[in-house]
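Novice:
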Amino acid sequence: MIVVTGGAGFIGSNIVASLNESGQNNIVVCDTLGSEGKWQTLGRRIVQDVIPPDELMSWLQGRTDIEAIVHMGANSSTLAQDGDEVMKSNFRFSLKLLDWCTEHQVKLIYASSAATYGDGSHGFDDDISLSYLRQLRPLNLYGWSKHLFDQVIATRLENGEKLPPVCIGLKFFNVFGPNEQFKGGMMSLVSKYFPLIRNGETVNLFKSYKPDYKDGEQLRDFVYVLDITRTIEWLLQHAQGVALYNLGSGEARSFLDLMYAIFDTLGLERRIRFVEMPETMRERYQYYTKADQKRLRAAGYPVPSTSLETAVRHCIETYLNSEDPYR
2 MIVVTGGAGF IGSNIVASLN ESGQNNIVVC DTLGSEGKWQ TLGRRIVQDV
52 IPPDELMSWL QGRTDIEAIV HMGANSSTLA QDGDEVMKSN FRFSLKLLDW
102 CTEHQVKLIY ASSAATYGDG SHGFDDDISL SYLRQLRPLN LYGWSKHLFD
152 QVIATRLENG EKLPPVCIGL KFFNVFGPNE QFKGGMMSLV SKYFPLIRNG
202 ETVNLFKSYK PDYKDGEQLR DFVYVLDITR TIEWLLQHAQ GVALYNLGSG
252 EARSFLDLMY AIFDTLGLER RIRFVEMPET MRERYQYYTK ADQKRLRAAG
302 YPVPSTSLET AVRHCIETYL NSEDPYR
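The sequence shown runs 2 to 328 under the working numbering.
(1) Counting Cβ pairs, one atom from each stretch, are 3 or more of them under 8 Å apart for the stretch 3-17 and the stretch 55-73?
(2) Given that a residue counts as buried once 16 or more other Cβ atoms are within 10 Å of its Cβ, and exposed if not, what is S19?
(3) For the alpha helix (DSSP H) containing T117, name the first residue and the last one.
(4) Is it right to say V276 is buried, meaning 16 or more other beta carbons lie within 10 angstroms of its own, or is it exposed?
(5) Should I28 be labelled buried (16 or more other beta-carbon atoms within 10 Å of its own) or exposed?
(6) Measure the C-alpha to C-alpha separation of E318 and C31 and round it to an integer number of angstroms.
(7) Beta-carbon within less than 8 Å of I154's beta-carbon, same chain only, minus the 5 sequence neighbours each way: which residues are those?
(8) Have a look at the DSSP bridge pairing and note the partners of T6.
(9) For a quick check, are the C-beta atoms of L220 and A253 less than 9 Å apart?
(10) Could you pull the DSSP bridge partners for K172 from this structure?
(11) Straight-line CA distance for T79 to D85?
(12) So, is N26 buried or exposed, given that buried needs 16 or more other C-beta atoms within 10 angstroms?
(13) Run through DSSP, which three-state label would G24 get?
(14) Would the stretch 7-17 count as touching the stretch 34-46 if we require 3 or more Cβ pairs under 8 Å?
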């Protein structure tokens, strides 16, 4: 059995989809569904149970049939301000799962984040050493909560303390794809702007406030969620030991590139204007991200990343522009 926390969320539900498509139906989802139709992300899926997060630890007691926990559940808002809530959801809950997986020697694959890198001034090296991690300064509460957990694992590793037999943290970059409908303001720009572009509207991009970057040419590593889930499936089968891995495309592309890919897929005129960035964001804004993939490749992962244009076209034509946009 595989437990997927956050399994009704964006990345989590895509993981469940990939596992089902590979023949794995012995899956338990841990998540909250609410009353806004979030269940639809699992509408096509086979799972054995859906457990609220506050019941998971009691549900795990005495179980001996768990192969792995894929821990995606978190408050993923980079704008979150409630430190106590974020620490409860993102840090302390993760610690409980880490301790359970350590005690029972169960694989743990968990979501870290590229937000742990802060402004990128110390690079994007998925080095798990404490000496490197201590240099990083995340720019928001979400990134800091993920960074704290990475450091706990690094500390235990360097102290020779017991850890799960496989303990892999994944530093996600800018992920996009189907099943984002319930992320609200945290949706990727593909999911957010697709309906506007389809309706003939002009889209807004933030102006640049650094002379090295023209408006719209701020750079991000945009990665398709199907590439993410393919990697996680491979890690479940082949990963060994303790590691952090960057999960991105390995390319830095501009926001204009991303918007052009949407307009061009739909065959529409490119209509973009540049607007002022809120002052509260300007000091915490990342102008460049790019996943260094050398450690993942050294571990043996063989599949190349999908190009931005190919991924955007597949996402729109297969999911977003269909009658049923869910995977």
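C-beta: ideal position from N, C-alpha, C; glycine also.
Specialist: On the basis of the coordinates in this document:
(1) yes
(2) buried
(3) Counting along the chain, T117 falls outside any alpha helix (DSSP H), and DSSP gives it neither H nor E.
(4) exposed
(5) buried
(6) 30 Å
(7) L99, I129, L164, C168, G170, V243
(8) C31, H72
(9) In this structure, A253 lies closer than 9 Å to L220 by Cβ.
(10) N247
(11) Rounded to the nearest angstrom, the two C-alpha atoms are 15 Å apart.
(12) So N26 counts as exposed.
(13) coil
(14) Between the stretch 7-17 and the stretch 34-46, the count of C-beta pairs closer than 8 Å reaches three or more; the two stretches touch.
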